[in-house]
Amino acid sequence: MESNKKYWKGLEELNQTPAFVEGSKSEFAEPIPVEDVLNEAGLSTKTPRRDFLKALGFGLGAVTLAACNRTPIHKAVPYVIKPEEVTPGVPNFYASSFNGQSVIVRTREGRPISLEANPNGIGLNQGTDASTSAAVLDLYDMSKLQNPQIGGRDVEWAKLDQAVVDALNKAQAAGKQITIVSNTINSPSSLAAIAALAAKYPATQHVQVDAVSYSGIIEANRASFGKAVVPTYHFDKAQVVVSVAADFLGTWVAGEEHTQDYIKNRDYKSLKGGKMSRHIQFESGLSMTGSNADVRIAIKPSEEGAVLISLYNAITGQSIAGGTNNAKAKTAITLAAKELLNSKGSSVVVAGSNDINVQALVNAINTALGAYGAIIDLDNFSKQHQGSDSAFQTFLTAAKAGQVGVAIFWNTNPVYDYFKAEDVSAAIKKIDYTVSFADRADETASELKAIATNSTFLESWGDASAKEGLFTIVQPTINPVFNTRQAEQSLINWAGLNKAIHDFVKENWEANILAGTGKTWKDVLQQGFVFKGSTTGSSYAANVDVNAAATAIANDAKRVAGGVELKVYESPNIRDGRWANNAYLQELPDPVSKVTWDNFAAINPADAEELGVKETGKVTVEANGYKVDLPVLLQPGQARGTVSVAIGYGRTKVGKAGNNVGVNAYPFASLVNGTIQFTSKATISKASGIYELAQTQTHHTIEGRNIIRETTFANYLKDPNSESGRFSDKHQTYDLWNKFEQPGHRWVMAIDLNACTGCGSCIVACSVENNVPVVGRDEVRRRREMHWLRIDRYYTLNTGEGKLTKEKEIAKAEGYDYEDVTVVYQPMLCQHCEHAPCETVCPVLATVHSSEGLNHMAYNRCFGTRYCANNCPYKVRRFNWFNYWNDSRFDNYLNNEFTQLVLNPDVTTRSRGVMEKCSMCIQRIQAGKLQAKVENRKVKDGDIKMACQSACSANAIIFGDANDPESEVSKALRNERVYYVLEEINVQPNIGYMTKVRNTFEA
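Be aware that the sequence shown starts at 2, since it is given in the working numbering, and climbs by one per residue.
This is the structure in structure tokens:
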């Protein structure tokens, strides 16, 4: 045996052997001269090696060099002399901005791998929405174009620039319009680039149009106050909130910022002080906001305006015609009006309708409540939604008439998301030259003459101003991965400005934003934002002809009322469809339905029974001349006689993950009185065939277990231990385990059920941080999703006899319509039990307990017996049925080498046959401890934050050291509302939950 072994002192000796040298000649291509590589990189042989690495984007040298045609990808640039900014194994952080929120981008060896909120930011500085957490994946999307295109073929940038400039000159000479069609742009530098083009070509116009329009609010405020803006809403100052079909915790205006404010009056700190706001919701489909309401009334879309008229009458004492006849709604309106008036100055009414008259009536109501200046701020307004439906109509008319010479489409896709795509296509054909700033050949870009391929925000210089007085910076964290160029650079090039985009943005800031602030450009890059302060919100009185508005509302209700009423809504995950190719978002369960990878027709179970449709059935929905078959979802809480369908699906040219997922619901919309409306009269019928939706939760009850504990605020004030507190049964317990000694740290978590809205951002953040794979629709359908963290949703239904029971018990209640439902969300993850049942059954000690109270997994020991999963009472362990990261059979695009650059190198990817589950972000714990050691101090509370905790804008997840009595988690776990799930079986979990409290109406 020994005689067959060969040893070398080192690799140097090995690579000089004849066999190695001969083999290397056939394995590796001939080396490219260094001079050629340097010349292609715009450098010279005299360039210092450190600068050379910087210019190539150090950490992704292999990727950026691959963009050079002659350089094979295996010619990576080594760390011979490393850039001083980068230490292998240590992350770098950069301040940037996404959707106007100041964020921190974490990079590893030059690769952006995650985004979190800037804790020092203004506005939303705690948590992110799911799209923000998932946005880093789009950088590595192989569905994007890698070069500019003309006529569907790759071209050089110089050729495209010349073609566009020629077209611009021709249009200017012919006296035709040059139109930039975009979604809302609030970036000062982007607007400056548009202005630069307009200075060169005075015929330039800028039309903003949003797929989900807020024109109704803007135009109503223009008429009521002379201010055409979307206000900022301060829900932290509201003690009573009434919402009529506004999903303000989800998709309406600024959901995560609203959540951050809203929860301040409802979390454990507020309840401890004896205060809690009251929230009443009127809506047709069960939204995320409605599921969190204290009181929810199911109404039809045609009743939304009537409810507001009745509410106005109840508040003002007037008797405007057109009020609601819905008995349940009338009772709730009487009680709600009393609450609103009792909290005058700290109460608000919001509506989700895009109808100008509805929003005008809301303005009149809020004027009567004294909400302006206190809760509704028209001075420090939002700039996130500025699209104009009427302006886009004017553009289409001009284009069809042949008056538009050049049209530039920027971050907008009207061939997909406009309700009459054929009108847009017809208009495009009449335009002399069309170009898109899309990053892929999407539904609109593929119909245009050219695509000036845009870079992602992670590769760009820029900025945003999502709110008056607030400016956030966008700075690149990596060189452009492909041969792309950001849109602003293209505009200033076409405007004839010989200027790099960095210099353009910097000069614009120094001239127009930083002046008078005392801050420098370097300060901005470090801090990420500049806040010029907010003015004190003024008290406004709406100028509204209430009678005329009520008459118009009643007339529009006739358009929708009768038969079945359709409500088209925006999904909290996929939103308007622009992120449809993001696999993390496609696999994120819808907060209410728990459906992934699809949209559906949500109908009331009683309506489904009348139609003869069951789960896995399909229905045909027809409205506004558009007909489509959809899988049906039996949704408790859905108003009788209504159907809800989500937009954002049905993409056909977005990429591997998003193509042909669901159906397009935009054609159901219509243009009414100058604004886009998403409600209409419809017909619904049973369709042939079956379709099983991929749901991560199909049970809706707690099956007799004491998993969820809920109470009312009135009962809580009488007895803080009402329906909560520690397990009351003091029966004798017997332990098979010795008590663990934990002298150093003991890591635990508290979760406030009153704060959790069920949004799911924590799920995406966990997946990004811990390299949790996306498995695709079919695997989810087989119950094989891999999420380490899930959010369970449970329904409570009212039998009509005044008794609250669980769904399983009331299923026998004859004639019950399932409209009256309340919801509780419960984040569920590994409970890191002190007496962990999984640890005792693992035959190879793959799962063990640490001295700091954590349940660890040693992946290389695990060989997949799944005993631990069987023995876990919480069912939080996940088994890798396949090697999901490297198997192309699964419908996502995360299984190629390039996309895997998004992986966090601190966490290993798991292979087939291995069990995994929440590790409590052990890599973050170790990094925090190491940093404290380097600084020669103890770990402070707040030094270590879990990925899920960082993503939660509601601060529902609190993590820390239980051995520190002054830590936030220790204080939270001493709250009288704390209980432990299944504590009666004595597994001693380290995650405590706080009882759900609802501020319901008193009888």
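All C-beta atoms in this analysis are idealised placements derived from N, C-alpha and C, irrespective of residue type, glycine included.
A quick note: this is a predicted structure, and the numbers were derived from the prediction, not measured.
Which residues bound the alpha helix (DSSP H) around Tyr-868?
Locating residue 868 in the sequence shown gives position 867, where the first residue counts as 1. Tyr-868 -> alpha helix (DSSP H) spans 868 to 872.
Pick helix, strand or coil for Glu-571, following the three-state DSSP scheme.
For the purposes of this step, residue 571 is identified with residue 570 of the sequence shown, where counting begins at 1. Residue state for Glu-571 is assigned as strand, using DSSP reduced to three classes.
Let's test the definition: count the other Cβ atoms within 10 Å of the Cβ of Glu-305 and tell me whether it reaches 16, buried, or not, exposed.
Stepping through the sequence shown from its first residue, residue 305 is reached at position 304. By the 10 Å Cβ count, Glu-305 comes out buried.
When you compare only the Cα positions, how much space is there between Leu-161 and Gly-153?
For the purposes of this step, residue 161 is taken as residue 160 along the sequence shown, with counting starting at 1. For the purposes of this step, residue 153 is taken as residue 152 along the sequence shown, with counting starting at 1. When rounded, the distance between both Cα atoms is 12 angstroms.
Who are the near neighbours of Val-664 in its chain, counting only those whose CB is closer than 7 angstroms to its CB and skipping five residues on each side?
For the purposes of this step, residue 664 is taken as the residue at position 663 of the sequence shown. Closer than 7 angstroms at the Cβ level, and outside the excluded window around Val-664, lie Asn-600, Val-629, Leu-631, Tyr-650, Gly-651.
Gly-353 versus Ala-647: straight-line alpha-carbon distance, rounded:
Here residue 353 is taken as the residue at index 352 of the sequence shown, counted from 1. Here residue 647 is taken as the residue at index 646 of the sequence shown, counted from 1. Looking at the two C-alpha atoms, the distance is approximately 15 angstroms.
Which residues bound the beta strand (DSSP E) around Trp-1?
Nothing about residue 1 can be read from this structure; the chain reaches only from 2 to 1004.
Endpoints, the alpha helix (DSSP H) within which Asn-856 is located:
Within the sequence shown, numbered from 1, the residue matching residue 856 stands at position 855. Taken as a continuous stretch (DSSP letters only), Asn-856 belongs to no alpha helix (DSSP H), being part of the beta strand (DSSP E) at 856 to 858.
Anticipated Cβ contact below 8 angstroms, Ser-383 with Ala-255, distance rounded:
Looking up residue 383 in the sequence shown gives position 382. Looking up residue 255 in the sequence shown gives position 254. Contact holds; Cβ gap of about 6 angstroms.
So, with DSSP's three-state summary, where would you put Lys-559?
Along the sequence shown, read from residue 1 onward, the residue named residue 559 stands at position 558. DSSP places Lys-559 in helix when its eight states are reduced to three.
Can you have a look at Gly-227 and say buried or exposed, based on whether 16 or more other CB atoms are within 10 angstroms of its CB?
Locating residue 227 in the sequence shown gives position 226, where the first residue counts as 1. Result: exposed.
Would you tell me roughly how many angstroms separate the C-alpha atoms of Tyr-826 and Ser-723, rounded to the nearest one?
Taking the first residue of the sequence shown as 1, we reach residue 826 at position 825. Taking the first residue of the sequence shown as 1, we reach residue 723 at position 722. Cα to Cα, the separation comes out at about 19 angstroms.
Does the Cβ of Gly-854 have 16 or more other Cβ atoms within 10 Å, making it buried, or fewer, making it exposed?
In the sequence shown, counting from the first residue as 1, residue 854 sits at position 853. The C-beta of Gly-854 has 16 or more other C-beta atoms within 10 Å across all chains shown, which makes the residue buried.
Cα-Cα separation, Leu-66 to Ser-491
As a first step, residue 66 is located in the sequence shown; it is residue number 65 there, counting from the start. As a first step, residue 491 is located in the sequence shown; it is residue number 490 there, counting from the start. With a pLDDT of only 38 at Leu-66, under the threshold of 50, the placement of this residue in the model should not be trusted; the figure read from the coordinates follows. Cα to Cα, the separation comes out at about 23 angstroms.
According to DSSP, simplified to helix, strand and coil, what is Asn-93?
Numbered from 1 along the sequence shown, position 92 holds the residue referred to as residue 93. Strand.
Mind checking who Gln-587 pairs with in its DSSP beta bridge?
As a first step, residue 587 is located in the sequence shown; it is residue number 586 there, counting from the start. Per DSSP, Gln-587 has no beta-bridge partner at all.
Gln-743 to Ile-752 span [Cα, whole Å]
As a position in the sequence shown, residue 743 is number 742, starting the count at 1. As a position in the sequence shown, residue 752 is number 751, starting the count at 1. In this structure, the alpha-carbon of Gln-743 lies about 22 angstroms from that of Ile-752.
Buried versus exposed call for Gly-745 [16 or more other C-beta atoms within 10 Å across all chains shown]:
As a first step, residue 745 must be located in the sequence shown, where it is residue number 744. So Gly-745 counts as exposed.
Determine the contact status of Pro-415 and Val-182, defining contact as a CB-CB distance below 9 angstroms.
Along the sequence shown, one-based indexing puts residue 415 at 414. Along the sequence shown, one-based indexing puts residue 182 at 181. Closer than 9 angstroms, so yes.
Given a cut-off of 9 angstroms on the beta-carbon distance, is the pair Pro-92 and Ala-451 in contact?
Against the sequence shown, residue 92 aligns to sequence position 91. Against the sequence shown, residue 451 aligns to sequence position 450. Cβ distance not < 9 angstroms, so Pro-92 and Ala-451 don't count as in contact.
Alpha carbon to alpha carbon, how far is Ser-344 from Leu-362? Give it in angstroms, no decimals.
By 1-based counting over the sequence shown, the position of residue 362 is 361. By 1-based counting over the sequence shown, the position of residue 344 is 343. Their Cα atoms are separated by approximately 20 angstroms.
Proximity to Val-915 [Cα-Cα], best of Asn-956, Val-230, Arg-862:
Taking the sequence shown and counting its residues from 1, one reaches residue 915 at position 914. Looking only at Asn-956, Val-230, Arg-862, the smallest Cα-Cα distance to Val-915 is reached by Arg-862.
Rounded to the nearest angstrom, what separates Tyr-796 and Ser-572 at their Cα positions?
Counting from one through the sequence shown, the residue named residue 796 turns up at place 795. Counting from one through the sequence shown, the residue named residue 572 turns up at place 571. Looking at the backbone, the Cα of Tyr-796 and that of Ser-572 are separated by about 20 angstroms.
First and last residue of the uninterrupted beta strand (DSSP E) at Thr-398:
Counting from one through the sequence shown, the residue named residue 398 turns up at place 397. Careful: Thr-398 lies outside any beta strand (DSSP E), inside the alpha helix (DSSP H) at 390 to 401.
Euclidean distance between Cα positions of Cys-839 and Asp-965
On the sequence shown, position 838 is the one that residue 839 refers to. On the sequence shown, position 964 is the one that residue 965 refers to. Going by the C-alpha atoms only, they are around 28 angstroms apart.
Contact check, Lys-876 vs Trp-789, beta carbons under 9 angstroms:
Taking the sequence shown and counting its residues from 1, one reaches residue 876 at position 875. Taking the sequence shown and counting its residues from 1, one reaches residue 789 at position 788. The answer is no: Cβ separation not under 9 angstroms.
So, is Glu-810 buried or exposed, given that buried needs 16 or more other C-beta atoms within 10 angstroms?
The count along the sequence shown starts at 1 and reaches residue 810 at position 809. Unreliable placement is indicated for Glu-810, whose pLDDT of 43 sits below 50; no coordinate value is reported for it.
So what does His-207 bridge to, in DSSP terms?
The count along the sequence shown starts at 1 and reaches residue 207 at position 206. According to DSSP, His-207 bridges with Ile-181.
Buried versus exposed call for Ser-190 [16 or more other C-beta atoms within 10 Å across all chains shown]:
The residue labelled residue 190 in the question sits at position 189 within the sequence shown. When all chains shown are included, Ser-190 counts as buried.
Where do the N-terminal and C-terminal ends of the beta strand (DSSP E) with Lys-682 fall, by residue?
As a first step, residue 682 must be located in the sequence shown, where it is residue number 681. Looking at the DSSP string, the run of the beta strand (DSSP E) that includes Lys-682 is 680 to 688.
Cβ pair Ala-175, Gly-406 closer than 9 angstroms:
Taking the first residue of the sequence shown as 1, we reach residue 175 at position 174. Taking the first residue of the sequence shown as 1, we reach residue 406 at position 405. Between Ala-175 and Gly-406, the C-beta spacing is below 9 angstroms.
Whole-angstrom Cβ separation of Leu-635 and Ile-604, contact assumed at under 8 angstroms?
Within the sequence shown, the letter at position 634 stands for residue 635. Within the sequence shown, the letter at position 603 stands for residue 604. The distance from the Cβ of Leu-635 to that of Ile-604 is about 7 angstroms, consistent with a contact at the 8 angstroms cut-off.
From which residue to which residue does the alpha helix (DSSP H) around Glu-489 run?
Counting from 1 along the sequence shown, the entry for residue 489 is found at position 488. Where Glu-489 is concerned, the enclosing alpha helix (DSSP H) stretches over 488 to 495.
Would you mind working out which of Ala-337, Gly-463, Arg-747, Ala-859 sits nearest Glu-489, comparing C-alpha positions?
For the purposes of this step, residue 489 is taken as residue 488 along the sequence shown, with counting starting at 1. Per the Cα distances, Gly-463.
6 angstroms CB neighbourhood of Ile-992 in its chain, flanking five on each side removed:
The sequence position of residue 992 within the sequence shown is 991, counting from 1. The residues are Met-750, Gln-832.
For Pro-34, name the three-state secondary structure that DSSP assigns.
In the sequence shown, residue 34 corresponds to position 33, counting from 1. With a pLDDT of 42 at Pro-34, under the threshold of 50, the modelled position of this residue cannot be trusted; read the value that follows with caution. Here Pro-34 sits in coil by DSSP.
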